[in-house]
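To keep things clear, I will list the structure first and then write my remarks on it.
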Amino acid sequence: MVVLKFWLSLGLFVFVLIFMLVAFLLKKRNNKKLVNCTSKTSGTVYGYEARGNGLFYPLVEFEVDGTSYKGKLVYRGIMVKAATFYGEAEVIGDKFAPTLRVKRNPRISFNPLEKEIPRGSVLDVYYNPENPEENYVQRFVKSIVSQIFFYGAIYFIIMGFFLYLVL
Numbered sequence: 001m002v003v004l005k006f007w008l009s010l011g012l013f014v015f016v017l018i019f020m021l022v023a024f025l026l027k028k029r030n031n032k033k034l035v036n037c038t039s040k041t042s043g044t045v046y047g048y049e050a051r052g053n054g055l056f057y058p059l060v061e062f063e064v065d066g067t068s069y070k071g072k073l074v075y076r077g078i079m080v081k082a083a084t085f086y087g088e089a090e091v092i093g094d095k096f097a098p099t100l101r102v103k104r105n106p107r108i109s110f111n112p113l114e115k116e117i118p119r120g121s122v123l124d125v126y127y128n129p130e131n132p133e134e135n136y137v138q139r140f141v142k143s144i145v146s147q148i149f150f151y152g153a154i155y156f157i158i159m160g161f162f163l164y165l166v167l
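With the first letter of the sequence shown counted as 1, position 159 gets the number 159 in the UniProt record's numbering; the numbers rise by one all the way through.
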């Protein structure tokens, strides 16, 4: 029983360390993009990319020193509120908020972002002057993946503590 307790504790400790390391690396990468993208220019919406929930995110093309680059407007998440069967899809609230809120028909609906941000619209693009492929459109959105790994590690620490007491 003591040997089992030792190996379970050691395995859980290694698992927690891996979760913490992944959380740290993701947060560092996320912050690096924010720090590096110091130059600002304008970009034009040229198309849309499917991202799930029947929504298509705007794709933006911009130019730096005569070279064309691409970026996309991203959201941390999407909250969909069901509309009536014949209701038209619409963006609720700020179209540039980190979480996009949409009211749409659950079966058939058109992309509301095409109406809010049509092709040809001009959006701000922030880019890394040394590597313009590293960019973000309109505003920086922090990823929540690092927080998920961090809180997952905390959860496993608490569960490990309770398992240690029980065994």
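For every residue, glycine included, the Cβ atom is placed at its ideal position computed from N, Cα and C.
- Query: Taking E130 as the reference, which of F162, K40, L167 has the closest Cα?
  - Reply: K40
- Item | DSSP state of P132 mapped onto helix, strand, coil | strand
- Item | Per-residue DSSP class, three states only, for S143 | coil
- Query: Starting from G71 and walking both ways along the beta strand (DSSP E), at which residues does that stretch end?
  - Reply: 67-72
- Would you please state the rounded distance, in angstroms, between the beta carbons of V16 and L55? I believe it to be under 8 Å. Rounded to whole angstroms, the Cβ separation of V16 and L55 is 36 Å, and the two are not in contact under 8 Å.
- Task: Determine the DSSP secondary structure at F62, reduced to helix, strand or coil.
- Result: In the structure shown, F62 sits in a strand (DSSP, three-state: E or B).
- Query: Leaving out the 5 sequence neighbours to the left and right, which residues in its chain are closer than 6 Å to L123 when beta-carbon positions are compared?
  - Reply: G43, V60, V137, Q138
- Item | N- and C-terminal bounds of the beta strand (DSSP E) containing K95 | Premise fails: K95 is in no beta strand (DSSP E) and is neither H nor E.
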